[in-house]
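Below you'll find the structure, written out as structure tokens, and then a few comments.
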Amino acid sequence: MTADRRTQEGGSLPPAIELRKISKRFGNVQANQDIDLRVESGTIHGIVGENGAGKSTLMSILYGFYQADSGNILINGHTRKIKSSREAIEAGIGMVHQHFMLVDTFTVLENVMLGAEQSHLLKTSGAHARDALRHLADEYELKVPLDTLIGDLPVGQQQRTEILKALYRNADILILDEPTGVLTPQEADQLFRVLQVLKERGVTIILITHKLREIMDITDNVSVLRLGKIVSTQRTADTDMATLAELMVGRKLVTQSFDKVSNADADTGISVRNVTVTDERGLNRLNNISFDVRRGEIVGIAGVAGNGQSTLLELLSGIKSPSTGEFTINNHVVSTDAALDPARMRDIGVQHVPEDRLRLGLVKAFSAAESSLLGYHTKPAFNWRMFLKASTIREACKRLMVAFDVRPPDPKLKSASFSGGNQQKLILARELDKAPSVLLVGQPTRGVDIGAIELIHRKIVEMRDNGCAVLLVSVELDEIMALSDRILVMYEGQVVGSMHGSEADKTTLGLMMANALDQVA
Amino acid sequence: MNTSNVELPTWIEVVLIPLLNIFLALVFSGLIILAIGEDPIKAVGIMINGAFGYDEAIGYTLYYTTNFIFTGLAVAVAFHARLFNIGGEGQAYIGGLGVGLAFLLLDKHLPALLLIPIGILMAAVFGALWAFIPAWLQAYRGSHIVITTIMFNFIAASLMVYLLVNVLIMPGSMSPETREFDTAGWLPFMHELFAWFGVNITRTPLNMSFLLALVCCVLVWLYIWKTQWGYALRTAGHSEAAAVYAGINPKRIVIIAMCISGGLAGLVAVNEIMGVHHRLLLNFPAGYGFTGIAVALMGRNHPLGILVASLLFGVLYQGGTELAFEVPKITREMVVAIQGLIILFSGALALMLRPWTVRVWLGLTRQSAT
Amino acid sequence: MDAITLTTLLATLDATLRVSTPLILCAMAGLFSERSGIVDISLEGKMLSAAFAAGTLAAITGSPWVALLGAIIVSIGLALVHGFACITHRGDQVVSGLAINVLASGLTIVLGIAWFSQGGQTPALASEARFMPLELPLSSSIANVPVIGQFFDTVINGHNLLVYIALLAVPATWWVVYRTRFGLRLRAVGENPLAVDTTGISVSRLRYFSVMICGALCGVAGAYLAIAQNAAFSREMTAGQGYIALAAMIFGKWRPMPALLACLMFGFLDAVSIRLQGIVLPVIGEVPVQLIQALPYILTVVLLAGFIGRAIAPKAVGIPFTKER
């Protein structure tokens with residue numbers, strides 16, 4: 013089978029996938045519009061785009077999760093209707109989802125054969141799968157312990173299981189959705205080696221990512237998605253990262269870099285000393301971490317998602333308490349024995365714009381006015397001891413909406429019906445309005461439309477200029493570099509590097525984020 | 005087409021679809037009556053007449069309504085904190101124990117003015133206590149509240165049988181009941197109340213607890229929507245993560261919501277024990293706790309809706325009794341079957357008609373737009 | 006051990022098996038449903054309806070087999086209602102289960118009185134219309150072997166067919182859940198339905214199939230009550246046994262063998278409580294019957310609170326499956 017593929021390579025094979033005028037709409041959102049895409053057989057084809065550009069929707073259509081509202085899909089030159097995952101699998105498409113589709117309580121073997129069992133009896137199916145997997149392991153250099161529970165395996169191995177699942181089903185087209193988001197750099201390297209081997213054996217690979225480095229490293233061709241449309245498809249060798257980045261955002265992502273300040277002599281707003289946070293599974297989310305944030309400075313936390321940044325925000329905002337060590341925040345000392353809950357944190361002037369606005373920052377079913385009260389319902393300004401001051405709350409919300417250009421400025425509207433950017437502005441307004449002494453900001457512009465980004469950035473810098481100590485967490489390096497006076501890099505729960513905002517360059521930061529600076533130097 | 009994201013006008017969402025669901029439940033109830041060879045239209049006539057046709061009927065209807073308001077509010081308050089309290093039955097039962105213990109001890113020594121508030125308080129406190137344990141187990145030990153409250157209904161039933169048979173029974177009596185309480189602890193009947201003002205109405209079990217139920221409606225409404233505590237409760241109900249972020253302790257909310265819920269369920273004892281039976285007896289909650297679930301679902305967890313739904317169930321109970329009397333083939337349990345259908349259509353199948361309604365609505369609006 | 010206590014013990018064990026039978030069937034039923042991710046508190050209602058159907062059909066046709074089949078069909082019908090609400094319309098599974106219980110409780114009495122006018126009972130059945138005790142081969146010949154022979158003769162022998170079916174249902178359930186393709190998918194869909202969906206298998210179909218198996222087993226349990234253990238349906242004859250079975254299934258941590266043991270334990274408590282009435286035990290004194298009756302519920306609460314081990318439910322149980330955003 014694989015031999016066939018190789019001999020035909022270079023011949024005039026039809027494209028592995030051809031999409032013609034695919035469109036998909038969710039309510040008011042046009043997720044995909046008139047998508048035309050050709051993926052040549054036996055190539056690695058990258059698809060890049062910002063969050064919310066429509067990448068995942070497009071792949072979900074290809075994998076039968078959603079049906080396109082209009083358009084055609086051709087697989088190996090034949091028109092296919094893909095109405096379910098089953099039909100996608102039958103067409104030879106395999107998918108490695110961003111969040112793995114694995115059963116934690118099953119072994120690798122059970123996960124691989126689930127849904128593709130060869131017999132009604134598990135014994136026979138298991139033997140068949142074990143045999144096939146041994147061959148696959150040899151052929152593609154994909155080794156995973158077959159009888160270990162998925163829940164006990166590291167993420168990289170789980171991902172391999174996903175790839176094996178697809179190969180076991182004879183997939184010759186493999187889609188990977190943001191495969192490196194959860195991987196360590198070493199695991200990512202291993203993954204890319206595996207992808208190269210797969211390609212050599214004739215498998216067509218679609219790599220969806222927003223990391224341009226990966227596109228440049230591994231893909232043959234690249235398509236750029238912007239606002240639901242394909243804006244460019246070209247050979248990777250013919251382009252460069254700057255061009256792709258520009259295509260992705262339609263303009264430079266961050267137009268403005270703000271003045272950097274150096275407040276080495278100012279008081280500290282946050283001072284963390286040897287703090288470790290251990291989760292319920294016994295893993296150290298933060299590992300003996302120490303750093304300071306001074307008043308009147310923005311400290312940016314850079315790092316690959318999942319390296320402890322979220323825990324750091326939870327720690328400093330009072331959601332989690334330190335397992336060992338202590339920190340001082342706005343002159344209050346916090347330790348395991350003297351923890352402050354989020355309500356107390358607000359009381360002492362620590363305001364927090366959370367990373368996950370839909371889960372934490374607001375309540376979707378609440379009106380905008382009610383969401384603008386989140387965290388402040390006990391404040392005397394908003395209640396007469398027990399009863400809420402409904403009209404005061406509404407007026408305050410209206411004021412915030414005007415000040416931060418939240419559209420439409422209607423406090424009675426349901427929180428869920430605002431766009432992401434407007435929700436974010438409302439949350440930002442709520443927190444900044446309390447004149448914080450310490451401001452914690454997580455992913456301030458994630459999923460936010462471009463117009464709102466500038467306003468959000470300006471407001472954060474304004475806080476700094478007012479003497480507020482700002483801690484900014486973002487996975488967007490551009491954002492970190494544009495705003496931060498000092499940059500700290502986190503890796504596996506530790507601060508592995510720091511540099512001044514004015515001296516920061518992407519290469520060094522990137523190496524620090526991969527914890528690979530030593531190896532180079 | 006995915007219709008769950010389409011927004012409908014409030015009146016369709018809050019009034020039309022719920023009414024259609026109830027209508028469906030009643031249609032199926034009619035089919036059952038047809039199946040046993042009776043005329044459903046005639047049955048409805050007898051029921052309505054039996055519920056409203058004469059003074060006594062109205063009194064009985066409102067007496068039943070009182071219980072349903074208490075248990076319906078109980079379910080609703082828990083629901084706003086996203087807790088499903090199936091334990092209203094047991095909480096009402098234990099609420100009765102609270103009244104019983106207080107009155108057996110105090111009724112000969114205290115005046116009505118003290119005894120009645122104490123009785124009401126004891127009913128609420130004991131009901132709340134019986135809800136507190138499952139709440140605590142859910143908040144701090146991770147037990148699922150649905151299963152625990154189901155188990156607590158059975159445990160309450162066993163406990164009450166034991167106490168009434170072995171401990172609280174009137175010495176020398178054959179039936180497992182306490183002695184009759186002193187009249188000081190009796191909640192005045194409505195006909196007595198009216199008589200004080202010189203108005204004569206028919207004697208019925210309807211008593212002052214009906215007014216207490218109405219007050220509870222208002223209090224629950226104020227609590228849920230107008231106070232900072234209600235705000236905290238709703239926040240925790242919608243999103244635990246958001247509550248934690250906002251400095252609200254979700255565990256505390258679980259406990260508070262369940263205690264209020266249990267307290268409201270316990271108030272059934274005020275109507276039944278202090279208002280009507282004047283003694284503690286077996287099985288007095290008689291399924292009112294479960295009916296509360298149907299009432300809350302039908303009333304969409306809003307006190308006004310619950311008031312209306314309680315009245316409807318009052319009509320069903322009282323009218324159903326009359327119906328069973330007039331038409332021997334139809335029994336009182338018909339009401340239980342209707343209740344099951346209402347829980348099914350207004351609760352489990354609440355969204356069944358929505359996609360269809362969305363399509364009709366979109367069709368209509370598109371037409372009027374062109 | 007002297008002869009009298011041995012006889013008493015064996016008689017109690019015999020009774021245990023009889024009262025455990027509906028619990029075992031319903032616990033296996035609940036296991037199929039909950040392992041697939043559908044909470045089922047309506048074991049009680051399905052069993053009650055099945056019992057009514059069995060009592061009615063046995064009275065009309067005189068055939069226990071027709072009655073059994075009818076009971077199974079009625080129970081599967083209710084299971085499909087549950088499925089329709091929970092799987093197709095993503096309704097709340099607890100609410101749906103409750104609706105079925107309340108509906109069954111009312112409807113069985115309404116129909117019973119309308120059809121038979123015996124206060125909710127179905128007519129008493131002749132023995133031909135029932136499942137009667139079976140005499141197992143060898144039983145009488147080894148009855149005189151001390152202990153083992155007696156045990157076989159008194160406890161194992163002399164039950165009706167449905168008791169043996171219940172006992173067979175346990176290894177059968179175990180085999181299906183842990184040794185077959187369907188079982189693998191069943192367990193997967195209760196843990197991570199999205200993972201199952203992405204392999205191209207219909208989550209809905211799997212779940213519908215599971216709730217139907219659940220319905221069939223509840224049907225057998227109901228038939229057992231009305232036409233095997235008793236000679237007629239009587240109102241509310243399930244008397245909370247569906248809930249005890251649910252408790253036993255949880256107590257058995259959603260696994261067949263431990264669930265069987267829990268059923269037998271709860272059945273034993275029930276059998277003992279009848280014998281203990283009014284008896285004063287040494288040290289403890291008189292044990293209130295009500296305490297023993299409440300013990301299954303109390304133990305389940307204690308277990309769920311994590312005081313004796315941890316009962317971990319299937320991860321996706323109770324959560325409606327939604328594919329689209």
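Protein chains in written order, with the working numbering: chain A, 13 to 533; chain B, 5 to 374; chain C, 6 to 330.
Glycine residues also receive a C-beta, built at the ideal position from the N, C-alpha and C atoms.
- Neighbours of His148(B) in chain C, taken as residues at a C-beta separation under 8 Å, are given in chain order as Leu309 and Ala318.
- Within the model, the alpha-carbon separation for Ile151(B) versus Ala65(A) is close to 44 Å.
- Contact between Gly102(C) and Ile46(C) holds, with the beta-carbon distance rounding to 4 Å and staying under 8 Å.
- Cβ-Cβ distances below 6 Å link Met254(C) to Ala32, Gly35, Leu36 and Ala264 in the same chain, with the five nearest sequence neighbours on each side left out; the list follows chain order.
- Annotated three-state conformation of Tyr248(C) is helix, per DSSP.
- Ala481(A) places its beta carbon less than 7 Å from that of Gly281(A).
- Neighbours of Ala236(B) in chain A, taken as residues at a C-beta separation under 9 Å, are given in chain order as His389 and Thr390.
- Taking each of Leu154(A), Ile29(A) and His57(A) in turn and checking the Cα distance to Ile94(A), the smallest one comes out for Ile29(A).
- Here Gln363(A) has Glu443, Leu444, Lys446, Pro448, Val450, Leu451 and Leu452 as same chain residues with Cβ atoms under 8 Å from its own Cβ, once five neighbours each way along the sequence are excluded.
- Beta-carbon to beta-carbon, Leu210(B) and Met194(B) are separated by about 4 Å, close enough to satisfy the 8 Å threshold.
- Ile120(B) carries a helical assignment under DSSP once its states are collapsed to helix, strand and coil.
- By the neighbour-count criterion, in which 16 or more other beta carbons inside 10 Å mark a residue as buried, Asp159(A) falls on the exposed side.
- If you check each beta-carbon in the stretch 94 to 109 of chain C against every beta-carbon of chain B, the ones closer than 9 Å belong to His94, Arg95, Gly96, Asp97, Gln98, Val99, Val100, Ser101, Gly102, Leu103, Ala104, Ile105, Asn106, Val107, Leu108 and Ala109.
- Interface residue (Cβ-Cβ distance to chain C less than 7 Å): Ile101(A) is classified as such.
- Neighbourhood of Arg371(A) in chain B, by CB distance below 8 Å: Ser243, Ala245 and Ala246, in chain order.
- For the options Val234(A), Gly294(A) and Val418(A), the alpha carbon positioned closest to that of Leu467(A) is the one of Val418(A).
- Linking Lys46(B) to Leu308(B) through their CA atoms gives a straight-line distance of about 30 Å.
- Tyr321(B) has a beta carbon lying at 7 Å or more from every beta carbon in chain C.
- Contact check for Leu70(A) and Ile47(A): beta-carbon distance about 6 Å, within the 8 Å limit, so the pair qualifies.
- In this structure, DSSP gives Thr390(A) a state outside helix and strand, which the three-state scheme calls coil.
- The criterion of a C-beta distance shorter than 7 Å is satisfied by Phe394(A) and Ile405(A).
- Counting along the chain, no beta strand (DSSP E) covers Gly315(A), and no H or E run does either.
- At a Cβ-Cβ threshold of 7 Å, Leu215(B) and Gly279(B) do not count as neighbours.
- A direct Cα-Cα distance of roughly 8 Å separates Ala199(B) from Ile205(B).
- Shown here for Arg240(C): same chain residues with a beta carbon closer than 8 Å to its own, the five before and five after excluded, namely Thr113, Ile114, Gly117, Gly124, Gly125 and Gln126 in chain order.
- A direct Cα-to-Cα measurement between Ala341(B) and Leu53(C) gives close to 13 Å.
- Under the 8 Å Cβ criterion, the stretch 347 to 355 of chain A does not count as touching the stretch 419 to 438 of chain A, having fewer than three qualifying pairs.
- Taking 7 Å as the threshold, the shortest C-beta distance from Arg40(C) to chain A does not fall below it.
- For Tyr503(A) and Gly315(A), the gap between their C-alpha atoms comes out near 6 Å.
- Ala341, Gln343, Gly344, Leu345, Ile347, Leu348, Gly351, Ala352, Leu353, Ala354, Leu355 and Met356: these are the residues of the stretch 341 to 364 of chain B whose beta carbon lies less than 7 Å from some beta carbon of chain C, given in chain order.
- Interface with chain B (7 Å Cβ-Cβ cutoff): Asn478(A) is excluded.
- In the structure shown, Asp189(A) falls within a strand segment according to DSSP collapsed to helix, strand and coil.
- One Cα belongs to Phe273(C), the other to Lys258(C), and the distance between them is close to 19 Å.
- Residues of chain C with a Cβ closer than 9 Å to the Cβ of Met113(A) are, in chain order, Asn197, Leu199, Ala200, Val201, Asp202, Thr203 and Thr204.
- Cβ neighbours of Glu330(B) within its own chain (closer than 6 Å, five residues either side excluded): Ile50.
- Put simply, the CB of Ala250(B) is near chain A, with a gap under 7 Å to one of its CB atoms.
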